[in-house]
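Taking my numbering, the leading residue of the sequence shown gets 6, the next gets one more, and so forth.
Glycine included, C-beta positions come from ideal geometry on N, C-alpha and C.
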Amino acid sequence: MEAHGVVALLQLKVTLLAMTHLMEALRTEGHLVIDTRQVQERLRALGYGGFYTWFDPPGTYYDWHTHGEDEVRFVLDGEITIGTEEGVYHLKAGDMLEVKAGTRHWARTEKGVRYLCGSRKVLK
Numbered sequence: 006m007e008a009h010g011v012v013a014l015l016q017l018k019v020t021l022l023a024m025t026h027l028m029e030a031l032r033t034e035g036h037l038v039i040d041t042r043q044v045q046e047r048l049r050a051l052g053y054g055g056f057y058t059w060f061d062p063p064g065t066y067y068d069w070h071t072h073g074e075d076e077v078r079f080v081l082d083g084e085i086t087i088g089t090e091e092g093v094y095h096l097k098a099g100d101m102l103e104v105k106a107g108t109r110h111w112a113r114t115e116k117g118v119r120y121l122c123g124s125r126k127v128l129k
């Protein structure tokens, strides 16, 4: 694995760990209660903006592609699998994944998914 891939993977793991604390705070009596405003505030603090909610019906598949900006996906309902050259990540409600600009990835959902999307410009 190239050094860039290792750094991106480590950043992903740190991000997932940081969001675990947020998810524990949002759990009420064993049920996940997601306040999208609170999630947006946390993501805004990480430099993300341009938020919108997206829905993919069951069976949706996006082939390998890249984005020109850093992208974040925060799952509100359902499940999605996102694959990169470094690994495959299965996300469910309350999970978040950051995909750095230029990272080749694909996505699919078998059951359908609704997620919050945001982007962050890459500083050069």
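- Residue 85 has 96 as its beta-bridge partners, per DSSP.
- Between residue 39 and residue 81, the C-beta gap is smaller than 8 Å, which places the two residues in contact.
- Taking all protein chains shown into account, residue 76 has 16 or more neighbouring C-beta atoms within 10 Å of its C-beta and is therefore buried.
- No Cβ-Cβ contact shorter than 8 Å links residue 122 with residue 60.
- Membership of residue 109 in any beta strand (DSSP E) is not indicated, and neither H nor E is assigned to it by DSSP.
- Residue environment for residue 104: buried (at least 16 other C-beta atoms within 10 angstroms of its C-beta).
- DSSP lists 118 as the beta-bridge partner residues of residue 61.
- At least 8 Å separates the beta-carbon of residue 125 from that of residue 73.
- Assigned with DSSP and collapsed to three states, residue 102 falls in strand.
- The three-state reading of DSSP puts residue 76 in strand, counting E and B together.
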